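K.L.:
Residue numbers (this note's numbering), protein chains in the order written: chain A, 2 to 255; chain B, 2 to 255. We treat Cβ as the ideally placed atom computed from N, Cα and C, and that holds for glycine. Only a predicted model underlies this, so the values are computations on that prediction, with no experimental measurement involved.
Protein chains: 2
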Amino acid sequence: MSDQPTVERNADTAPGSAAFSPLYQQIKALLLQGLDRGEWKPGEAIPSELELAARFQVSQGTVRKAIDELAAENLLLRRQGKGTFVATHHEAKVRFRFLRLTPDDAHSAVTGSRILDCRRMRAPADIAALLELRTGDTVVNVRRLLSFDESPTILDDIWLPGASFKGLTVELLAGNRSPLYALFESEFGVSMVRADEKIRAVAASETQAELLEIPVGHPLLHVERVSFTYGDRPMEVRRGTYLTERFHYRNSLN
Amino acid sequence: MSDQPTVERNADTAPGSAAFSPLYQQIKALLLQGLDRGEWKPGEAIPSELELAARFQVSQGTVRKAIDELAAENLLLRRQGKGTFVATHHEAKVRFRFLRLTPDDAHSAVTGSRILDCRRMRAPADIAALLELRTGDTVVNVRRLLSFDESPTILDDIWLPGASFKGLTVELLAGNRSPLYALFESEFGVSMVRADEKIRAVAASETQAELLEIPVGHPLLHVERVSFTYGDRPMEVRRGTYLTERFHYRNSLN
DNA sequence: CAGTGGTCTAGACCACGTG
DNA sequence: ACGTGGTCTAGACCACTGC
Numbered sequence: 002m003s004d005q006p007t008v009e010r011n012a013d014t015a016p017g018s019a020a021f022s023p024l025y026q027q028i029k030a031l032l033l034q035g036l037d038r039g040e041w042k043p044g045e046a047i048p049s050e051l052e053l054a055a056r057f058q059v060s061q062g063t064v065r066k067a068i069d070e071l072a073a074e075n076l077l078l079r080r081q082g083k084g085t086f087v088a089t090h091h092e093a094k095v096r097f098r099f100l101r102l103t104p105d106d107a108h109s110a111v112t113g114s115r116i117l118d119c120r121r122m123r124a125p126a127d128i129a130a131l132l133e134l135r136t137g138d139t140v141v142n143v144r145r146l147l148s149f150d151e152s153p154t155i156l157d158d159i160w161l162p163g164a165s166f167k168g169l170t171v172e173l174l175a176g177n178r179s180p181l182y183a184l185f186e187s188e189f190g191v192s193m194v195r196a197d198e199k200i201r202a203v204a205a206s207e208t209q210a211e212l213l214e215i216p217v218g219h220p221l222l223h224v225e226r227v228s229f230t231y232g233d234r235p236m237e238v239r240r241g242t243y244l245t246e247r248f249h250y251r252n253s254l255n
Numbered sequence: 002m003s004d005q006p007t008v009e010r011n012a013d014t015a016p017g018s019a020a021f022s023p024l025y026q027q028i029k030a031l032l033l034q035g036l037d038r039g040e041w042k043p044g045e046a047i048p049s050e051l052e053l054a055a056r057f058q059v060s061q062g063t064v065r066k067a068i069d070e071l072a073a074e075n076l077l078l079r080r081q082g083k084g085t086f087v088a089t090h091h092e093a094k095v096r097f098r099f100l101r102l103t104p105d106d107a108h109s110a111v112t113g114s115r116i117l118d119c120r121r122m123r124a125p126a127d128i129a130a131l132l133e134l135r136t137g138d139t140v141v142n143v144r145r146l147l148s149f150d151e152s153p154t155i156l157d158d159i160w161l162p163g164a165s166f167k168g169l170t171v172e173l174l175a176g177n178r179s180p181l182y183a184l185f186e187s188e189f190g191v192s193m194v195r196a197d198e199k200i201r202a203v204a205a206s207e208t209q210a211e212l213l214e215i216p217v218g219h220p221l222l223h224v225e226r227v228s229f230t231y232g233d234r235p236m237e238v239r240r241g242t243y244l245t246e247r248f249h250y251r252n253s254l255n
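Shown next, in the form of structure tokens:
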């Protein structure tokens, strides 16, 4: 506990001065840094509010407000009586935030994953741009086919920055039974925290048609997702193609 | 100001008793009732925190927490130095929460709306179920075609409970220049607050193809939306069909 | 300058989980 | 019985808006 971070109390900021940051925002930033550094791992508890208040030399209420915001953003999870925990993809709750395809009738689907491909290569220009890399930087490309109740439903084309995902192989993926993001967390220390998606309807190409066992030209839902870790750093581009005859993409507008 | 609502202070609730509601949740419920009753209209300011605290006989902090939650749900809008306002669809910000189709290149699209149909009829079973009406209850059905830059892009099939939308006519719709939800607010006192959507890819039918000027079978994004007012009461079913060649549906996973 | 929401504090007490 | 987060209060002061 050697760190006594510098929190600026804005005592002298001129009224109407440009930069002004509330104390709790600074605490929030410090907590974010801790999460990013891996000081507290996914699933673990962070120190109690009182402990953090003591460490940062602020009141419990200020720490509370910082944690409130991180909890609202789903980075932390409060559990009364137990503590505050780092969110992890090893929980159904988190998982369904990212898995939006849902069966039309709420039956429990048996799911299967088949890895089609996993190779390292130089990033194409569009992928590089989305991942904020340089064209030609190494990336990992994974292609997989997900089935529900034995029928192929999702075709994923996934791109990851090579530097953060050394050692990602077909074998590792094939032996994996949890969601991909859970594996990224456990094996590579990469926590996905947020994602942006662009959705369109497209006609099935020949390869897509063959893999999904549908005619060429069949309408498919196409979802391009960019996922981010702490600090809004893009860490994955995922192009998903969904068959939506018996499934739909659910969304809530608030 | 005759109302001194009964807030239960839970002083005597046995430890571990079933029902227990924090004070601020009760205040929140009271504010929600006020919004629902139309005590404060969209765009108007609600009373100040101190005033509400006095009215409800609680501290400012408790009122604040109630308002915080309503603001987080986008029912209220805080503006420092000015007050707290009832959210309204007459603002670009609110509008884009519900309009998710976005041009691929961020150009400013000229938009046009053509009302195809507007008639009152007996509710089909599926619509009735979604609107929580009885089959055969009166509903209003509106069909319209939205164009961007002169090219038809969105085909909407809209269903509204007849009881709440008396006097909705083609003429009224044709003369309208604002978003539909803004019109619902001003003309019928119905505020849409939240919506659920189910999205799929479908092949264009003959009618759809003709109106959207595309070949039959062309892939289209199909969005079924159910919109809710205060208290989670469904007030609209909207089946939208989108052309996604130059537009996409944007979404954020948090 | 007055009034609004925003921040920060300190302390009391409640509800929950675990030992 | 203890420690955790959750609620509620009261008061001081700050930042923004508009008269």
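Does any CB atom of chain A fall closer than 8 angstroms to the CB of B/E74?
P.N.:
Judged by the 8 angstroms Cβ criterion, B/E74 is in contact with chain A.
K.L.:
Residues of chain A with a CB under 7 angstroms from the CB of B/T136: which are they?
P.N.:
Here the premise fails: no neighbours, minimum Cβ distance about 21 angstroms.
K.L.:
Give the secondary structure of A/F86 by DSSP, where H, G and I count as helix, E and B as strand, and everything else as coil.
P.N.:
Here A/F86 sits in strand by DSSP.
K.L.:
Going along the chain, which residues of the segment 228–246 of chain A sit with their C-beta nearer than 7 angstroms to a C-beta in chain B?
P.N.:
For the segment 228–246 of chain A, which is checked against every Cβ of chain B, the residues closer than 7 angstroms are T245.
K.L.:
Quick one: grab the DSSP three-state call for B/I200.
P.N.:
In this structure, B/I200 counts as strand in the three-state DSSP scheme.
K.L.:
Does DSSP put A/L156 in a helix, in a strand, or in coil?
P.N.:
Reduced to three states, the DSSP call for A/L156 is strand.
K.L.:
Which chain A residues sit within Cβ distance under 9 angstroms of B/S253?
P.N.:
Ordered by position in chain A, the residues that pass the 9 angstroms Cβ test against B/S253 are R195, A196, D197 and E198.
K.L.:
Can you tell me the Cα-Cα spacing of B/L117 and B/I159, whole angstroms?
P.N.:
Those two C-alpha atoms are separated by around 11 angstroms.
K.L.:
Go ahead and pull the three-state DSSP assignment for A/A46.
P.N.:
A/A46 falls in the strand class under three-state DSSP.
K.L.:
Quick check on DSSP: helix, strand or coil for B/T63?
P.N.:
Note: B/T63 maps to helix in three-state DSSP.
K.L.:
Beta carbon of A/F248, beta carbon of A/D105: below 8 angstroms?
P.N.:
Taking 8 angstroms as the Cβ cut-off, A/F248 and A/D105 qualify as a contacting pair.
K.L.:
Does DSSP put A/L131 in a helix, a strand or coil?
P.N.:
Residue state, collapsed to three classes: helix.
K.L.:
What does a CB cutoff of less than 7 angstroms around A/L174 pick up in its chain, not counting 5 residues either side in sequence?
P.N.:
For A/L174, where only same-chain residues beyond five positions count, the Cβ hits under 7 angstroms are I116, C119 and V143.
K.L.:
Please report the straight-line C-alpha distance between A/R178 and B/E70, rounded to a whole angstrom.
P.N.:
Approximately 38 angstroms between the Cα atoms of the pair.
K.L.:
Mind listing the chain A neighbours of B/H249? Cutoff is C-beta to C-beta under 7 angstroms, in chain order.
P.N.:
Simply K199, I200 and R201.
K.L.:
So, helix, strand or coil for A/I68, using DSSP?
P.N.:
DSSP places A/I68 in helix when its eight states are reduced to three.
K.L.:
Taking only beta carbons into account, state which residues of the segment 215–229 of chain A come closer than 9 angstroms to chain B, listed in chain order.
P.N.:
Listed by position, the residues of the segment 215–229 of chain A near chain B (Cβ gap below 9 angstroms) are G218, H219, P220, L221, L222, H223, V224, E225, R226 and S228.
K.L.:
Using beta-carbon positions only, say whether B/D157 and B/A110 come within less than 8 angstroms of one another.
P.N.:
It is not a contact, given that the beta carbons lie outside the stated cut-off.
K.L.:
Thinking B/V203 and B/L181 are a contact (beta carbons under 8 angstroms), I'd like their distance in whole angstroms, please.
P.N.:
Not really, about 23 angstroms apart at Cβ, beyond 8 angstroms.
K.L.:
Run through the DSSP bridge pairs and tell me what B/L161 is partnered with.
P.N.:
Beta-bridge pairing links B/L161 to B/V141.
K.L.:
Exposed or buried, what is B/A164 when buried is set at 16 or more other beta-carbons lying within 10 Å of its beta-carbon?
P.N.:
Exposed, by the Cβ-count rule.
K.L.:
Considering only residues of the same chain and omitting the five flanking positions on each side of B/A54, which have a CB-CB separation below 8 angstroms?
P.N.:
The answer, listed in chain order, is S60, Q61, T63 and V64.
K.L.:
So, is B/Q27 buried or exposed, given that buried needs 16 or more other C-beta atoms within 10 angstroms?
P.N.:
Burial call: buried.
K.L.:
Run through the DSSP bridge pairs and tell me what A/P220 is partnered with.
P.N.:
Answer is A/A204, bridged to A/P220.
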